[in-house]
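The numbering of the sequence shown is the working numbering, which starts it at 6 and goes up by one. All residues carry an ideal CB built from backbone N, CA and C; glycine is no exception. To start, the structure under review is shown below, and the notes come after it.
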Amino acid sequence: MPSINEVTFVGIDVSAKTLDVTVLPSANGKPKRRRFDNDGAAHTALILWLNLLAPVRVVCEATGVYHLDLAYALDHARIALMVVNPRRAKRFIEAQNRNTQTDAIDADELAQFAKRMDFVPWKAPSDAAFTVHKLGRAIGQMTKHHTAVSNRLHAALATAHTPNSIINTLKRELVFVERERQLLFKECNELIAADPDMANKLRLLMSTPGIAEISSPAILAELIILPHDATAKAWTKYAGLDPSSKTSGTSVHGKTHIAKRGNPRLRSALFLPALSARTHDPLLKAFADRLVAKSQNQTSSGRCRSAQATAQHPRHVQNQLDLEQKSPLRYPESTCGVTEDLLTG
């Protein structure tokens, strides 16, 4: 393995039509910059150029679908590539305190990211796994479309003044969307069944309480593109279900909540299975009830401390009196036994 001093660092800013490429010099000097088209022929030219600089480490952002063909081309050419989360790249670029942003400057900063940050190589999923991934997302979009058409049909039927032509059009559209969704669902299940690894993963998913035939392909479609050696913590963070809290000094104690910084499609696919398991599985129901009770106790303790602090500080008491004079609302008794009479002196 080459030492870090022997590696050439490359940043690529990807757009729909072009690739802005920056190569950091191995010694003091100006970076090398080139622009390529974002198509197959240009990808080949870029790979030939990068092979002259080998070994290289390339960083680009995940830009929807525009980076995918480039990523697969670099992976097939065995060029080390890291596909970085756009939010993480944005924070890194903002830390440089630049007043100007262009595609070339973004490529410069991505090259610096490759040099300064931990490099995590991108691993291309198999063709079958990627197809299942895209089918799962297409099924999700069709499901949303089906719901939207159903709502429009419901609204149209709510009044007798809606023309029959509109109602018939919505009914035909609803039948069409449902038929296409079922065809995609069938194709997705056939691909999974034909691949032993994906079939085993689907079987394990369906062994989880709350996850059944409808939800399991949607969940698998989002997880199948992750590295096989990803840890449970990495999967949790990818879903945006990792806990997030904010504490600062003695006055800021934020409530712990899920981060919601990960994959919203995966969270959406997990929501109904989690709700079903919470309702019907005895062990999960008991666990959830315990968490709710703990949260309520913490909230009650916080209200108790707030009431005691108000009673001990005259200025706070006066503010409370002023507020009550402006509003007819009265405040209920605190859960710690401090009544409204004590709060108002």
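Counting beta carbon pairs with one atom in the segment 114–122 and one in the segment 80–99, are three or more of them shorter than 8 Å? Touching, yes.
Cα-Cα separation between residue 271 and residue 35, rounded to whole angstroms: Residue numbering aside, residue 271 sits at position 266 when the sequence shown is read from its first letter. Residue numbering aside, residue 35 sits at position 30 when the sequence shown is read from its first letter. The straight-line gap separating the alpha-carbon atoms of residue 271 and residue 35 is approximately 43 Å.
Residue ranges of each alpha helix (DSSP H) within the segment 57–107, 4 or longer: List check, alpha helix (DSSP H) in window: 73–81 and 91–100.
Where does residue 166 sit, in a helix, a strand or coil, going by DSSP? As a working mapping, residue 166 is identified with position 161 in the sequence shown. Three-state result, residue 166: coil.
List the whole-angstrom C-beta distance separating residue 82 from residue 141, where the pair is believed to meet the contact cut-off of C-beta under 8 Å. Here residue 82 corresponds to residue number 77 of the sequence shown, with the count starting at 1. Here residue 141 corresponds to residue number 136 of the sequence shown, with the count starting at 1. In this structure residue 82 is not in contact with residue 141, their Cβ atoms being roughly 28 Å apart against a cut-off of 8 Å.
Cβ neighbours of residue 264 in the same chain (closer than 8 Å, five flanking residues each side left out): Indexing the sequence shown from 1 puts residue 264 at position 259. So the list reads 242, 245, 246, 247, 248 and 249, once near-sequence residues are dropped.
Based on Cα-Cα distance, which residue from 178, 286, 162 and 260 lies nearest to residue 151? Counted from its first residue, the sequence shown places residue 151 at position 146. Nearest neighbour of residue 151 by Cα position, chosen from 178, 286, 162 and 260, turns out to be 178.
Cα-Cα separation between residue 295 and residue 220, rounded to whole angstroms: The residue labelled residue 295 in the question sits at position 290 within the sequence shown. The residue labelled residue 220 in the question sits at position 215 within the sequence shown. So the alpha carbons of these two residues sit roughly 26 Å apart.
Where does residue 100 land, buried or exposed, given buried means 16+ other C-beta within 10 angstroms? In the sequence shown, counting from the first residue as 1, residue 100 sits at position 95. Exposed is the label assigned to residue 100, since fewer than 16 other Cβ atoms lie within 10 Å of its Cβ.
Endpoints, the alpha helix (DSSP H) within which residue 224 is located: Indexing the sequence shown from 1 puts residue 224 at position 219. Note, residue 224: alpha helix (DSSP H), 220–228.
Which residues share a DSSP beta bridge with residue 24? Here the question's residue 24 lines up with position 19 in the sequence shown. According to DSSP, residue 24 bridges with 19 and 41.
I'd like the list of long-range same chain contacts for residue 225, defined as Cβ closer than 8 Å, with 5 residues on each side in sequence excluded. Mapped onto the sequence shown, residue 225 falls at position 220. Within the same chain, Cβ atoms closer than 8 Å to the Cβ of residue 225 are found at 137, 141, 197, 203, 206, 207 and 210, the five residues on either side in sequence being excluded.
For residue 159 and residue 131, the rounded distance between their alpha carbons: As a working note, residue 131 is residue 126 in the sequence shown. As a working note, residue 159 is residue 154 in the sequence shown. Residue 131 and residue 159: Cα-Cα distance of roughly 42 Å.
The alpha helix (DSSP H) with residue 127 in it runs from where to where? Against the sequence shown, residue 127 aligns to sequence position 122. Looking at the DSSP string, residue 127 is not in any alpha helix (DSSP H), and its letter there is neither H nor E.
For residue 147, which residues in the same chain have their Cβ closer than 8 Å to its Cβ, ignoring the five residues on either side in sequence? In the sequence shown, residue 147 corresponds to position 142, counting from 1. Hits under 8 Å: 182, 185, 186 and 189.
Under a Cβ-count criterion, where at least 16 other Cβ atoms within 10 Å of its own Cβ denotes burial, should residue 14 be classed as buried or exposed? Taking the first residue of the sequence shown as 1, we reach residue 14 at position 9. Residue 14 counts as buried, since no fewer than 16 other beta carbons sit within 10 angstroms of its beta carbon.
Report the start-end ranges of each alpha helix (DSSP H) in the segment 261–307 that is 4 residues or longer and not cut off at the edges. The segment 261–307 contains these whole alpha helix (DSSP H) runs: 269–285.
Proximal residues to residue 266 (C-beta, below 6 Å), its chain only, five neighbours per side dropped: Reading the sequence shown from its first residue, position 261 is the one you call residue 266. In the same chain as residue 266, and ignoring 5 residues on each side of it, the C-beta atoms closer than 6 Å to its own belong to 245, in chain order.
Would residue 56 and residue 22 qualify as a contact pair, given that the criterion is a beta-carbon distance under 8 Å? Here residue 56 refers to the residue found at position 51 of the sequence shown. Here residue 22 refers to the residue found at position 17 of the sequence shown. The criterion of a C-beta distance shorter than 8 Å is not satisfied by residue 56 and residue 22.
Does DSSP put residue 236 in a helix, in a strand, or in coil? Start at 1 with the first residue of the sequence shown, and residue 236 comes out as number 231. The answer is coil: DSSP assigns residue 236 none of H, G, I, E or B.
DSSP beta-bridge partners for residue 14? As a working mapping, residue 14 is identified with position 9 in the sequence shown. Its beta-bridge partners are 62.
CB contact flag (residue 193, residue 144, <8 Å): Position 188 of the sequence shown holds residue 193. Position 139 of the sequence shown holds residue 144. A contact, by the Cβ cut-off of 8 Å.
Nearest neighbour of residue 351, chosen from 155, 191, 165 and 167 [CA to CA]: With the chain covering 6 to 350 only, the question about residue 351 has no answer from this structure.
Among 215, 277, 79 and 46, which residue has its Cα nearest to the Cα of residue 287? Taking the first residue of the sequence shown as 1, we reach residue 287 at position 282. Checking every option, the nearest Cα to that of residue 287 belongs to 215.
Looking at the unbroken alpha helix (DSSP H) that takes in residue 206, where does it start and where does it end? Working through the sequence shown from its first residue, we reach residue 206 at position 201. For residue 206, the enclosing alpha helix (DSSP H) starts and ends at 201–211.
Beta-carbon spacing of residue 29, residue 65 below 8 Å: Indexing the sequence shown from 1 puts residue 29 at position 24. Indexing the sequence shown from 1 puts residue 65 at position 60. Not a contact, by the Cβ cut-off of 8 Å.
Could you give the DSSP three-state label for residue 253: helix, strand or coil? Residue mapping note: residue 253 aligns to position 248 of the sequence shown, counting from 1. Secondary structure of residue 253 (DSSP, three-state): strand.
Pull up the distance between the alpha-carbon of residue 71 and that of residue 170, whole angstroms please. As a working note, residue 71 is residue 66 in the sequence shown. As a working note, residue 170 is residue 165 in the sequence shown. Here the alpha carbons of residue 170 and residue 71 stand approximately 41 Å from one another.
Straight-line CA distance for residue 213 to residue 103? Your numbering for residue 213 matches position 208 in the sequence shown. Your numbering for residue 103 matches position 98 in the sequence shown. For residue 213 and residue 103, the distance between alpha carbons rounds to 49 Å.
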